[in-house]
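S.K.:
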Amino acid sequence: MTSARRAADESQRGFVIVVVLWILLTLSSLAMIFTLYLSASARAMSLGDTALQNEALVSAGVELTAYQLILASDDARPAQGSFHFRMDDADVGVTFTSEAARIDLNLASKEVLAAFLAGLGASKDAANEDADRIVGWRTRPAPGSTNEEAARYAALGYTPRQSLFTHVNELALVAGLPPALVDRALPFVTIFNGSADIDATIAAPEVVAAFAKRSSAGADPFGSAIRPSNDPLAGADPSVPAKSNLPKAKSPCYRVETTIGFANGRRATSEVVIALGDKREPYRVLSWQDDVESAHLPLRRRS
């Protein structure tokens, strides 16, 4: 009896030990899961804090830009500029440029579009055809007329917008435009200029050359502007017309590029397009894009 009872007690103790070990193993697993959860939560909160910090710094850059532009009179308002500040342990560089530096896809003439695309490498015939398709994309057909533009898109499986571009990336949807040509064109076009003209004093040479036909009486829209060799106003670049003939349009919209250098070495660049308003509403944000490739020089180093 004693031996049997002792064996039973040992068996019971063994069972209890196994149960306790299983409980400890379960608790250990739960502790590990909780640790991983805390670690993931900490990383998520850190990323969230960085995103909030980035948004706050970009907003500060936009606010300061709008402040500078609104304080200036219409005649004295700069078409472009830059400044630098430090906030929240981050270096922030801001560059702003009037949207008049870009060709407006919704308002530019077919001739300007054709000359622009030719300047980017398209042949004369292809540039004219592509310009026709861009105009067709943004133009509503006349009532009762045959919608020939829509018929061109039947094989593509979608229809043209036939109203104003709502985003420059719609250029990739225009029938016949090669993707490489679209990629080259995107840095020079906008939907926020608000004018068929440009400000040639701040526009890129590719944009200025597209207006050569209108800017110079002897210009070739598919080549360089033709000027007398003794013209003192002629630029060093033969593709740019005489300075006295360059258009100088103004736009109420500005593109603000903010480059942020964080203390941990991370860098971020955002691009915001704003429209200047009045005292009640100083500005409106028209477009906001994070993680863009900077088109300007890196931040200057602080001494």
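Residue 251 in numbering that gives the first Met the number 0 is what sits at position 252 of the sequence shown, and the numbering runs on without skipping anything.
Ideal Cβ positions, reconstructed from N, Cα and C, are used throughout, including at glycine.
1. Quick one: which unbroken beta strand (DSSP E) runs of 3-plus residues sit fully inside the segment 54 to 122? Chain order, please.
2. Rounded C-beta distance between A381 and N192? I'm assuming under 8 Å.
3. Around the C-beta of P251, are 16 or more other C-beta atoms found within 10 angstroms, so that it is buried, or is it exposed?
4. Less than 8 Å between the CB atoms is what I'm expecting for L304 and L163, so what's the real figure, rounded?
5. How far does the beta strand (DSSP E) with R151 in it reach, from first residue to last?
6. Among Q11, E62, L51, which one has its Cα closest to the Cα of V272?
7. Measure from the alpha carbon of A208 to the alpha carbon of each residue in D90, T34, P246, then state which is nearest.
8. Do Y253 and S97 have their CB atoms nearer than 7 Å?
9. Ignore the nearest five residues each way along the sequence and tell me which others in S286's own chain have a CB closer than 6 Å to its CB.
10. For the candidate residues L68, P77, G60, D129, whose alpha-carbon lies nearest to that of L180?
11. Answer yes or no: the CB of T145 versus the heavy atoms of the ligand SAH, is any distance below 6 Å?
12. Just the C-alpha distance for G92 and I133, rounded to the nearest angstrom, thanks.
13. Name, in chain order, the residues that DSSP records as bridge partners for R254.
14. Using 10 angstroms around the beta-carbon of P227, count the other beta-carbons present and answer buried if the total reaches 16, otherwise exposed.
15. Looking at I201 and Q79, is the spacing between their C-beta atoms short of 7 Å?
16. Just reading off the alpha helix (DSSP H) that R160 is part of, what are its end residues?
M.R.: Taking the coordinates as given:
1. 79 to 86, 89 to 97
2. Nothing about residue 381 can be read from this structure; the chain reaches only from 0 to 302.
3. Residue 251 sits at position 252 when you count from the first residue of the sequence shown. P251 is buried by the Cβ-count criterion.
4. The chain is shown from 0 up to 302; residue 304 falls before or after that span and cannot be answered.
5. Mapped onto the sequence shown, residue 151 falls at position 152. Not the beta strand (DSSP E): R151 falls in the alpha helix (DSSP H), residues 147 to 151.
6. In the sequence shown, the residue the question calls residue 272 occupies position 273. Measuring from the Cα of V272, the nearest candidate turns out to be E62.
7. Within the sequence shown, residue 208 is the residue found at index 209, counting from 1. Considering only alpha carbons, the answer is P246.
8. For the purposes of this step, residue 253 is taken as the residue at position 254 of the sequence shown. For the purposes of this step, residue 97 is taken as the residue at position 98 of the sequence shown. Result yes, Cβ atoms of Y253 and S97 sit closer than 7 Å.
9. Here the question's residue 286 lines up with position 287 in the sequence shown. Excluding positions up to five away in sequence, the list reads V272.
10. Against the sequence shown, residue 180 aligns to sequence position 181. Here the closest residue by C-alpha is D129.
11. The ligand SAH is not part of this structure, which contains no ligands at all.
12. Here residue 92 is taken as the residue at index 93 of the sequence shown, counted from 1. Here residue 133 is taken as the residue at index 134 of the sequence shown, counted from 1. Their Cα atoms are separated by approximately 35 Å.
13. Along the sequence shown, read from residue 1 onward, the residue named residue 254 stands at position 255. R254 is bridged to T96, V272.
14. Along the sequence shown, read from residue 1 onward, the residue named residue 227 stands at position 228. Its pLDDT being 36, under 50, P227 is placed unreliably by the model, and the measurement read from it follows with that caveat. Exposed, by the Cβ-count rule.
15. By 1-based counting over the sequence shown, the position of residue 79 is 80. By 1-based counting over the sequence shown, the position of residue 201 is 202. Contact: yes.
16. Locating residue 160 in the sequence shown gives position 161, where the first residue counts as 1. Looking at the DSSP string, R160 is not in any alpha helix (DSSP H), and its letter there is neither H nor E.
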